[in-house]
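So the sequences go chain by chain: Y and E.
Our numbering puts the first sequence at residues 1 to 316.
Our numbering puts the second sequence at residues 1001 to 1316.
Since the structure comes first, as structure tokens, the remarks are kept for the end.
2 protein chains.
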Amino acid sequence: MSDSLTFRLLKYIKESAETLNFTRAAERVFVAQSSLSHQIGKFESNLDLTLFERTQNGLRLTAAGRMIAAYAENTLKDWEQTLIMAHAVQRHQVPPLRLGFSSFVHAKVIEKFHETYDGMFTGCAIQLISGDPVFCLQHLDAGLLDCAILPLPIDANLYSVQPLSRTPLVVCMRTDDVLAERAQLNIREIAARITVFRDPEQYPSAHARLIEMFTEAGVTLHVACSARTPAEIQWMVRERYGLALIDQLLPLEPGLVTRPLAGLSWTADTAFIHLRKAGHVALPFIERFFEESWSESRKKKHPSKGEHPEQLQLLA
Amino acid sequence: MSDSLTFRLLKYIKESAETLNFTRAAERVFVAQSSLSHQIGKFESNLDLTLFERTQNGLRLTAAGRMIAAYAENTLKDWEQTLIMAHAVQRHQVPPLRLGFSSFVHAKVIEKFHETYDGMFTGCAIQLISGDPVFCLQHLDAGLLDCAILPLPIDANLYSVQPLSRTPLVVCMRTDDVLAERAQLNIREIAARITVFRDPEQYPSAHARLIEMFTEAGVTLHVACSARTPAEIQWMVRERYGLALIDQLLPLEPGLVTRPLAGLSWTADTAFIHLRKAGHVALPFIERFFEESWSESRKKKHPSKGEHPEQLQLLA
DNA sequence: ACAGTCCAATACTTCTTATCGATTTCGCCA
DNA sequence: TGGCGAAATCGATAAGAAGTATTGGACTGT
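The structure is reproduced here in structure tokens:
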């Protein structure tokens, strides 16, 4: 039935919906009025749909017509984009995707992203640029980065934000720590000992969120040491500067263990981020085609929780 | 060029990409191998694209082919959905959209949504169901609501969340209050007097967020009165039970005024929410077609702010 | 009331082109 | 070397889009 639907007809519909006048729509697409009129009529009768109400002076869109016209418009717009992109890919003219990431973003997440990107844009390079969130967001704004993978929270009104991963936060300590014998820990008991954190200046919103989480739990936060990388954090813990909260999946150096926090579901979240005004040809496609695989893996790893779990969690 | 692109050809491409074998793809779409092969070949030469590398035993997708195939698949899938929806709309068989909303969601936001919905689904009813967030989320989970408009924060992993509006929070007081003479207020001065809040049980995540915001600002929160509606809040303020934080756009009853908070950019945010597994035929379309108009209006009202504005704000 | 205008639908012809069946070509494997 | 699988090629046929010319309604203005 709708196999013989042609993009030309979609254009007819789109233009007709815009002009509300078959004659003028026909002029716009350079065909005779009769052809356009006939095609749309046939389409309507084939599919049992009325797109336009024919009145004496012009047309009126029906509700169904509005939907089909909207579909036509989107499909045509996407087609143009896709064609441009396909040509760019074929000619190896896709500029490398400049992807910023903080060193606290788990390598697996970057890898997963890279894989997915490679699946769609085989042969197109990704240029990895490491930097803290402040750096990344500034460079995004300045057009020096196309996108970034960063810890949440990020302002969703300024940037397009797609959550990628969520892993529990655990307490990192030396293997010989007295607490290492316990299966899980209470935040109130050990809050005073957690003194190793990410650099607040490089992770301002993350740090703010952390303060909130501590306050919510009824404890205060003592920042004694600030680190710029996970490796630095682990080194500080090993050197007995204090305990730290880290991403559960982070590979641990020897001499360190992690223990979960009882009663809390604090998590480290990361998201894929770019300016709403896409600066790289691939970004619309990343949004469109990657979302499925991401949301699938998210669902698998984190089945539904309680009624109102915390909104956005943070940081290792 | 690509005007004569037909949906049939999209199917050819899609099936060929899946089977990687023209002969079998041709069987699937019930045409002769020669036809399919020829059509794809013509497509490729017309558009200067190579979709498949022809090898002795079957085909291999090129990068460009992957993109076109992905496009084809999406376009066809969307077409089916659109057709079903258009028919449902035409036959007035679209079940009413059961939309939950909290009484703290500004009426303008509901109206705007209703307008947009009506624009696309003319003649299809919206069934408004008022209830606090706990009620709405429970009913969403139970399938008794299709979607809701609620104050943020909401867990974006459990629900599909699309921010709709963001308006500043201001202090609501009596016209004859001594503070009414000031142009703006400092939160530290007046925190103790802000004692009228939304019911913490009905707005748990909102309340939690509020506590965080107060803590961040270095003040503690004293809940003396909890209200279930904006009208109740205003009544309490008028009856001298205390001050309240309300949405700046809320219509004020006589005898009341509002004053902004100095140095803070607290906001009341609302979002459109539904289960990720869409329960109503219209939901995919709402996501797809409404996003533009929403994000446009959001941008106009709230141009870019500082580097790291607060992530999610809340509540009146 | 009548001609003039605007717009969509219809009838019929022309021309394009998708499809088919048959055949060919190429590489693979026994 | 002779099947086998798969894609490309060819000529004939049939489907269907576009075009021209025309008809039919409804509004407009004199």
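Where is the CB? At the ideal position from N, CA and C, for every residue including glycine.
Legend entry - Asp-132(Y) burial status per 10 Å Cβ neighbour count (16 or more: buried): As a working mapping, residue 132(Y) is identified with position 132 in the first sequence. The residue in question, Asp-132(Y), is buried, as its Cβ has 16 or more Cβ neighbours within 10 Å.
Inset, instruction - Give, in chain order, every residue of the stretch 207 to 231 of chain Y whose Cβ lies closer than 8 Å to some Cβ of chain E. - result: Ala-208, Arg-209, Ile-211, Glu-212, Thr-215 and Glu-216
Inset, instruction - Over the uninterrupted alpha helix (DSSP H) stretch that includes Leu-210(Y), give me the two end residues. - result: Here residue 210(Y) is taken as the residue at index 210 of the first sequence, counted from 1. Its alpha helix (DSSP H) spans residues 204 to 216.
Inset, instruction - Count the CB pairs spanning the stretch 1063 to 1071 of chain E and the stretch 82 to 99 of chain Y that are closer than 8 Å, and state whether there are at least three. - result: Because the criterion of three Cβ pairs below 8 Å is met, the stretch 1063 to 1071 of chain E and the stretch 82 to 99 of chain Y touch.
Inset, instruction - Mind checking which residues open and close the beta strand (DSSP E) that includes Ser-226(Y)? - result: One-based indexing of the first sequence puts residue 226(Y) at position 226. Here the beta strand (DSSP E) through Ser-226(Y) covers 225 to 227.
Inset, instruction - Using a Cβ-Cβ cut-off of 8 Å, state whether Phe-331(Y) counts as contacting chain E. - result: Only positions 1 to 316 of chain Y appear in this structure, which leaves residue 331(Y) out of reach.
Inset, instruction - Measure from the C-beta of Ala-1278(E) to each C-beta in chain Y and report whether the shortest distance is under 8 Å. - result: Residue numbering aside, residue 1278(E) sits at position 278 when the second sequence is read from its first letter. Ala-1278(E) does not count as touching chain Y.
Inset, instruction - Would you verify that the beta carbon of Gly-123(Y) is, or is not, closer than 8 Å to some beta carbon of chain E? - result: Residue 123(Y) sits at position 123 when you count from the first residue of the first sequence. For Gly-123(Y), the answer is yes, since a Cβ of chain E falls inside 8 Å of its Cβ.
Legend entry - Assumed close pair Ile-1149(E), Ile-1110(E) - CB separation to whole angstroms, cut-off 8 Å: Here the question's residue 1149(E) lines up with position 149 in the second sequence. Here the question's residue 1110(E) lines up with position 110 in the second sequence. Confirmed, Cβ separation roughly 6 Å.
Inset, instruction - For chain Y, find out if any of its Cβ atoms is closer than 8 Å to the Cβ of His-1308(E); answer yes or no. - result: Within the second sequence, the letter at position 308 stands for residue 1308(E). Residue placement at His-1308(E) is flagged as unreliable, the pLDDT there being 30, under the threshold of 50; the coordinate-derived value follows with that caveat. Yes, because at least one Cβ of chain Y sits closer than 8 Å to the Cβ of His-1308(E).
Legend entry - Contacts that Leu-49(Y) makes with chain E (C-beta to C-beta distance below 9 Å): Here residue 49(Y) refers to the residue found at position 49 when the first sequence is read from its first residue. What Leu-49(Y) touches in chain E: Leu-1083, Ala-1086, His-1087 and Gln-1090.
Inset, instruction - Using alpha carbons as the reference points, say which of Pro-1151(E), Thr-1220(E) and Ala-1217(E) lies closest to Tyr-1203(E). - result: By 1-based counting over the second sequence, the position of residue 1203(E) is 203. Ranking the options by Cα distance to Tyr-1203(E), first place goes to Pro-1151(E).
Inset, instruction - Please work out which residues of its chain come closer than 8 Å, Cβ to Cβ, to Leu-249(Y), disregarding the five sequence neighbours upstream and downstream, and give them in chain order. - result: Within the first sequence, the letter at position 249 stands for residue 249(Y). Excluding sequence neighbours, Leu-249(Y) sits near His-106, Lys-108 and Thr-167.
Inset, instruction - Compute the Euclidean distance between the alpha carbons of Thr-19(Y) and Ala-25(Y), then round it to the nearest angstrom. - result: To locate residue 19(Y), count along the first sequence from 1; it is residue 19. To locate residue 25(Y), count along the first sequence from 1; it is residue 25. About 6 Å.
Legend entry - chain E contact residues for Tyr-71(Y), given Cβ-Cβ distances below 8 Å: Position 71 of the first sequence holds residue 71(Y). The contacting residues are Asp-1078, Trp-1079 and Thr-1082.
Legend entry - Inter-residue Cα distance where the pair is Val-94(Y) and Leu-283(Y): As a position in the first sequence, residue 94(Y) is number 94, starting the count at 1. As a position in the first sequence, residue 283(Y) is number 283, starting the count at 1. Spanning the two alpha carbons is a distance of roughly 12 Å.
Inset, instruction - Helix, strand or coil for Asp-1078(E), going by three-state DSSP, please let me know. - result: Within the second sequence, numbered from 1, the residue matching residue 1078(E) stands at position 78. Three-state DSSP puts Asp-1078(E) in a helix.
Inset, instruction - Could you confirm whether any beta carbon from chain E is found closer than 8 Å to the beta carbon of Arg-66(Y)? - result: The residue labelled residue 66(Y) in the question sits at position 66 within the first sequence. Taking Cβ atoms only, chain E reaches closer than 8 Å to Arg-66(Y), which makes this a yes.
Legend entry - Whole-angstrom distance between Leu-1164(E) and Ser-1102(E), CA atom to CA atom: As a first step, residue 1102(E) must be located in the second sequence, where it is residue number 102. As a first step, residue 1164(E) must be located in the second sequence, where it is residue number 164. Ser-1102(E) and Leu-1164(E): Cα-Cα distance of roughly 14 Å.
Inset, instruction - Taking C-beta pairs closer than 8 Å, name the residues in chain Y that Arg-1002(E) reaches, listed in chain order. - result: If you number the second sequence from 1, residue 1002(E) lands on position 2. Per the sequence shown, residue 1002(E) should be read as Ser rather than Arg. Near Ser-1002(E) (Cβ distances below 8 Å), the residues of chain Y are Phe-7, Trp-79 and Leu-83.
Inset, instruction - My understanding is that Leu-145(Y) touches Gly-100(Y), with C-beta atoms under 8 Å, so please give their C-beta distance in whole angstroms. - result: For the purposes of this step, residue 145(Y) is taken as the residue at position 145 of the first sequence. For the purposes of this step, residue 100(Y) is taken as the residue at position 100 of the first sequence. Sure, about 5 Å apart at Cβ, within 8 Å.
Legend entry - Start and end residues, beta strand (DSSP E) containing Cys-147(Y): As a working note, residue 147(Y) is residue 147 in the first sequence. 147 to 151 is the extent of the beta strand (DSSP E) around Cys-147(Y).
Inset, instruction - Verify the CB distance criterion: does Thr-75(Y) have a CB-CB separation below 8 Å to chain E? - result: The residue you call residue 75(Y) lines up with position 75 of the first sequence. It does: the Cβ of Thr-75(Y) has a partner Cβ on chain E nearer than 8 Å.
Inset, instruction - Using a threshold of 8 Å, state whether the C-beta atoms of Phe-285(Y) and Met-120(Y) are closer than that. - result: What you label residue 285(Y) is simply residue 285 of the first sequence in a count that begins at 1. What you label residue 120(Y) is simply residue 120 of the first sequence in a count that begins at 1. Yes, the Cβ-Cβ distance between Phe-285(Y) and Met-120(Y) is below 8 Å.
Inset, instruction - Using a Cβ cut-off of 9 Å, pull out every chain Y residue sitting near Lys-1014(E), in sequence order please. - result: On the second sequence, position 14 is the one that residue 1014(E) refers to. Simply none; closest approach about 12 Å.
Inset, instruction - Consult DSSP for Tyr-1012(E) and reduce its assignment to one of helix, strand or coil. - result: Within the second sequence, the letter at position 12 stands for residue 1012(E). In this structure, Tyr-1012(E) counts as helix in the three-state DSSP scheme.
Legend entry - Leu-140(Y) and Ala-268(Y) closer than 8 Å at C-beta: Indexing the first sequence from 1 puts residue 140(Y) at position 140. Indexing the first sequence from 1 puts residue 268(Y) at position 268. Taking 8 Å as the Cβ cut-off, Leu-140(Y) and Ala-268(Y) do not qualify as a contacting pair.
Inset, instruction - Use the C-beta contact count for Ile-1084(E): other C-beta atoms within 10 angstroms, 16 or more gives buried, fewer gives exposed. - result: Along the second sequence, one-based indexing puts residue 1084(E) at 84. Classification for Ile-1084(E): exposed.
Inset, instruction - Could you tell me whether the Cβ of Lys-1011(E) comes closer than 8 Å to any Cβ of chain Y? - result: Along the second sequence, read from residue 1 onward, the residue named residue 1011(E) stands at position 11. Yes, contact with chain Y.
Inset, instruction - Can you give me the start and stop residues for the alpha helix (DSSP H) that Gly-1041(E) sits inside? - result: Residue numbering aside, residue 1041(E) sits at position 41 when the second sequence is read from its first letter. Element bounds for Gly-1041(E): 1033 to 1047.
Inset, instruction - Tell me whether Arg-60(Y) is buried or exposed, calling it buried when 16 or more other Cβ atoms sit within 10 Å of its Cβ. - result: Position 60 of the first sequence, counted from the first residue, corresponds to residue 60(Y). The residue in question, Arg-60(Y), is exposed, as its Cβ has fewer than 16 Cβ neighbours within 10 Å.
Inset, instruction - Using alpha carbons as the reference points, say which of Ala-1125(E), Asn-1021(E) and Ser-1034(E) lies closest to Leu-1051(E). - result: Locating residue 1051(E) in the second sequence gives position 51, counting from the first residue. Of the listed residues, the one whose Cα sits closest to Leu-1051(E) is Asn-1021(E).
Inset, instruction - With DSSP collapsed to three states, give me the class of Ile-1273(E). - result: One-based indexing of the second sequence puts residue 1273(E) at position 273. If DSSP states are grouped into helix, strand and coil, Ile-1273(E) belongs with the strands.
Inset, instruction - Rank Lys-1112(E), Leu-1179(E) and Gln-1184(E) by C-alpha distance to the C-alpha of Arg-1193(E) and give the top, closest one. - result: In the second sequence, counting from the first residue as 1, residue 1193(E) sits at position 193. For the residues Lys-1112(E), Leu-1179(E) and Gln-1184(E), the minimum Cα distance to Arg-1193(E) belongs to Leu-1179(E).
Legend entry - Between the CA atoms of Ser-16(Y) and Gln-39(Y) - distance to the nearest angstrom: Indexing the first sequence from 1 puts residue 39(Y) at position 39. Indexing the first sequence from 1 puts residue 16(Y) at position 16. Spanning the two alpha carbons is a distance of roughly 12 Å.
Inset, instruction - List the endpoints of the continuous beta strand (DSSP E) containing Leu-1059(E). - result: In the second sequence, counting from the first residue as 1, residue 1059(E) sits at position 59. First-last of the beta strand (DSSP E) with Leu-1059(E): 1058 to 1061.
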